[in-house]
Amino acid sequence: MAIAGSGMVGMSTALWAQRRGLRAVICDANAAGTGTTYGPACAIATYACVPINSPSVVTSLPSLLFSKDSPLTVNYWHAIRNWRWMASFLLNCRSSRVDGITKELAALLDHADEGLDPLIADAGAEDLLVREDCLYVWSTRAGFEGAAQANALRRAMGVAMDELGPEEVRALEPALKMPIHRGLRFRGTRFVLHPQKLVERMQHRFQQDGGVTIPAAVRSVEPNGQGVTVRLGNGSTVTAGHVVVAAGAHSKSIKGAGVEALPLGVERGYNVTYADHRSKLSRPVGWAEAGFYATPMELGLRIAGTVELDDLGRPPNPDRLAYLRRRATEMFGQLDGPSQEWLGHRPTMPDALPVIGPSTVSDRIIHAFGHQHVGLTLGGLTGRMVADLLTGRTPTPDNARLTARRFKSF
Ligand SMILES: Cc1cc2nc3c(=O)[nH]c(=O)nc-3n(C[C@H](O)[C@H](O)[C@H](O)COP(=O)(O)OP(=O)(O)OC[C@H]3O[C@@H](n4cnc5c(N)ncnc54)[C@H](O)[C@@H]3O)c2cc1C
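Per my numbering, the sequence shown starts with residue -17, numbered consecutively.
Below, the structure is given as structure tokens:
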């Protein structure tokens, strides 16, 4: 089999394929773990079952179109050009749809550790994970009350969490300087100290076990009776029994895989990292009103999040980086730096669910993309689901409602 993409999803698929006895080749012009997987907030967010789709997005859309100072911003012209994605996204903001999406995401997240833990063990990467309850913090009563429905949904899905008062939050994380109204502590969670290193270790294990990495992008795929011809950007071809499309937000660039017809969108997100300030926190802390997490990862204190609906190819927006820097000083006081600034591209379907399963073009092409805000968390499980599909097993959970077929009418 061939895999397009060496991010968290592609690399996890490669390792699970080997575990199931398959031989795999990974094709990617870029080094492993340097795409969106490089810059997340690093939370293994098994509690993050509520999507960003919500009825409140619809009511606040007019202001978001012109706002420069909100955690969610929308480029007006991007929204016009991509009106079908936007319309579908907004339809998925109805309460009834949000309930359904939350159930589907919770079903995946419930199994996330089963997909991830064996790979961490295989890669010898236990030292890159920290077991520490993540926190989510609201600065205002209005913000906390506005999240009541989302928190009720989390509770209904069985997310293990405790509500904390301001003093309890400050006792856990004394460096926080912004106003605190309430916090939620998600019990039993973990975070990753360096996602790129994690994927590199996975790649090392993959190669030790005979896996091959080809440093070239996949341009097109052509299925036939016997297999798939995979055409690469360096002019060569690979012939494989199956090809897995795991190129994240770039998956549409692969011709013939049936992705062009799908509403794969992009939620741009940013991080700024302060090398000298890792010791400010002991765990990821999400600041609800600001729309980001602060995480004490190996490279320093990383401030990561926000959503910008804009084109995949547009350069980083300096206003969004300035927003993160300003809010970081509200959260911690004056900080030196940052030492790094970064833009990443979350691959996002309008219904916030990943696409996992065969393409409508051919059963020899398997889709594995669209993991929006939780790809680091769900990459391992996705790899197991894909490897199960390729070896005739029924994946757990069932992927039936996650395939491209759900967009038949798009
Ligand atoms: C600011 C931010 C914070 C986040 N925080 C979290 C978090 O705390 N927890 C969490 O679980 N998730 C988080 N996420 C989401 C997570 O980072 C993504 O869902 C995940 O990294 C997607 O992984 P991927 O493998 O699908 O894509 P990528 O990591 O982007 O990998 C795709 C790979 O495909 C390659 N590629 C592109 N085109 C081709 C081609 N034609 N042929 C072959 N290869 C190709 C690219 O070079 C790249 O290496 C966050 C995202 C952002 C932006």
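Yeah, the Cβ is synthetic: ideal placement off N, Cα and C, and Gly gets one too. Everything numeric in this text was worked out from a predicted model, so none of it was measured.
Can you check whether the CB of residue j is closer than 7 Å to the CB of residue i?
i, j, result
"MET331", "GLN185", "no"
"ARG308", "TYR252", "no"
"VAL267", "GLU155", "yes"
"LEU117", "ARG169", "no"
"VAL56", "LEU291", "yes"
"ALA(-14)", "ILE236", "yes"
"VAL203", "GLY230", "no"
"PRO177", "LEU358", "yes"
"GLY223", "GLY209", "yes"
"SER233", "VAL241", "yes"
"ARG183", "ALA105", "yes"
"LEU360", "GLU280", "no"
"TYR256", "LEU214", "no"
"GLY295", "PRO329", "no"
"CYS75", "PRO100", "no"
"PRO379", "ALA89", "yes"
"GLU96", "LEU335", "no"
"ARG152", "PHE126", "no"
"VAL(-9)", "ALA350", "yes"
"LYS159", "PHE314", "yes"
"HIS327", "THR18", "yes"
"VAL254", "PRO320", "yes"
"ASP293", "HIS60", "yes"
"THR171", "ASP109", "no"
"VAL40", "LEU73", "no"
In the DSSP assignment, the beta strand (DSSP E) including residue i goes from what residue to what residue?
i, result
"HIS349", "347 to 351"
"ILE338", "337 to 340"
"GLY323", "Correcting the residue identity first, residue 323 is Glu in this sequence and not Gly. 322 to 330 is the extent of the beta strand (DSSP E) around GLU323."
"THR219", "219 to 222"
"THR211", "210 to 214"
"ARG201", "200 to 205"
"THR195", "194 to 196"
"ALA(-14)", "-16 to -14"
What is the residue span of the alpha helix (DSSP H) that residue i lies within?
i, result
"ILE83", "77 to 92"
"ARG366", "357 to 372"
"THR385", "Looking at the DSSP string, THR385 is not in any alpha helix (DSSP H), and its letter there is neither H nor E."
"VAL398", "Any question about residue 398 goes unanswered here, given that the chain covers just -17 to 392."
"LEU317", "First-last for LEU317: undefined, no H or E at that position."
"ALA(-4)", "-10 to 1"
Below 8 Å on the Cβ atoms is my guess for residue i versus residue j; work out the distance and round it to an integer in Å.
i, j, result
"VAL7", "ALA23", "About 31 Å separates the two Cβ atoms, so there is no contact after all."
"THR277", "GLY339", "THR277 to GLY339, Cβ: 32 Å. No contact."
"TRP120", "GLU271", "7 Å"
"ALA286", "ASP10", "With a Cβ gap of about 23 Å, ALA286 and ASP10 do not count as contacting."
"ARG1", "ALA369", "7 Å"
"LEU396", "VAL289", "Outside the displayed range of the chain (-17 to 392) lies residue 396, so it cannot be described from this structure."
"THR373", "LEU98", "Not confirmed; about 19 Å, so no contact."
"ALA129", "LYS262", "Incorrect: roughly 25 Å between the Cβ atoms, too far for contact."
"LEU180", "ALA107", "5 Å"
"LEU306", "PHE274", "6 Å"
"LEU43", "SER52", "So it is not a contact: roughly 11 Å between Cβ atoms."
"MET139", "THR84", "6 Å"
"PHE414", "ARG265", "An answer regarding residue 414 cannot be provided, because it is not within the stretch -17 to 392 covered by the chain."
Inset, instruction - Return the chain-ordered ranges of every beta strand (DSSP E) run that is complete within the region 229 to 308 and spans a minimum of 3 residues. - result: 247 to 256, 267 to 269, 274 to 279, 282 to 291
Legend entry - Cβ contact check for the region 135 to 145 and the region 20 to 32: 3 or more pairs under 8 Å: yes
Legend entry - Minimum length 3: unbroken beta strand (DSSP E) runs contained in the region 15 to 71: Taking 3 residues as the minimum length, the beta strand (DSSP E) runs contained wholly in the region 15 to 71 are 54 to 56, in order along the chain.
Inset, instruction - Determine contact between the region -11 to 4 and the region 354 to 374, defined as no fewer than three beta-carbon pairs at a distance below 8 Å. - result: yes
Inset, instruction - Counting only runs of 3+ residues fully inside the region 127 to 190, write out the beta strand (DSSP E) ranges in chain order. - result: 143 to 146, 164 to 168, 172 to 174
Inset, instruction - Take every Cβ of the region 243 to 258, pair it with every Cβ of the region 63 to 76, and state whether three or more of those distances are shorter than 8 Å. - result: Yes, they touch.
Inset, instruction - Spell out a yes or no on whether the region 339 to 348 and the region 12 to 19 are touching, meaning 3 or more CB-CB pairs, one atom from each, closer than 8 Å. - result: no
Inset, instruction - Identify every run of the beta strand (DSSP E) within the region 101 to 127, keeping only runs that are complete inside it and at least 3 residues long; order them along the chain. - result: 111 to 113, 116 to 120
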